[in-house]
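Its first residue numbered 1, the sequence shown is counted upward by one per residue in the UniProt record's numbering. I have placed the structure first, in the form of structure tokens, so that the comments after it can refer back to it.
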Amino acid sequence: MLLALLIVLGAASLATGVLLAQMVFVHAAFALSLAGLALVLARALRRRKRTVTPGRPAEDTDAAPAEETPDLVVVVAGRRRYHRADCAALDGTEGDELTPAEAVEEGFSPCTRCHPEPELVGQD
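Here it is as structure tokens:
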């Protein structure tokens, strides 16, 4: 909505500046265009940050294959569930990191909130 308003105001200011031969309006149109560009870039950056979820790094084409870097889950002493690192159920609680297979071997079950993927532990 704000972007559309900036476009309309910029076009009106540019037309007014050209028709009245007033450079002030042309400069205002240029400033409105820059504000619109800044808005578009800010939205793009915000959208880009949202695509990278916390606890999971962005895909890196130069990274080692997945077999060399196992996925880890978090277990907390006294609890019987294992979680993803970004699980809300952890609520800042510190825990130990294990591979999903190790967590299952030690008797932990998957969290019902974050649903660690069954294929990580070899279950189908």
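Ideal Cβ positions, reconstructed from N, Cα and C, are used throughout, including at glycine.
Write down the C-beta distance between Leu-72 and Thr-93 rounded to the nearest angstrom, noting that I regard them as a contact closer than 8 Å. Contact flag wrong, Cβ pair sits at about 16 Å.
Start and end of the beta strand (DSSP E) containing Val-73? 73 to 75
Along the beta strand (DSSP E) that carries Glu-97, what are the first and last residues, could you check? 96 to 98 is the extent of the beta strand (DSSP E) around Glu-97.
Does DSSP classify Arg-81 as helix, strand or coil? Arg-81: strand per DSSP, three-state reduction.
Within 10 Å of its beta-carbon, does Gly-107 have 16 or more other beta-carbons around it, so buried, or fewer, so exposed? exposed
Suppose the cutoff is 8 Å on Cβ atoms and the five residues either side in sequence are ignored; what does the same chain contact list for Arg-80 look like? Gly-107, Phe-108 and Ser-109
Using only the alpha-carbon positions, how far apart do Ala-31 and Arg-84 sit? 46 Å
Delimiting residues of the alpha helix (DSSP H) encompassing residue 152: Residue 152 lies beyond the stretch modelled for the chain, which goes from 1 to 124, so this question has no answer here.
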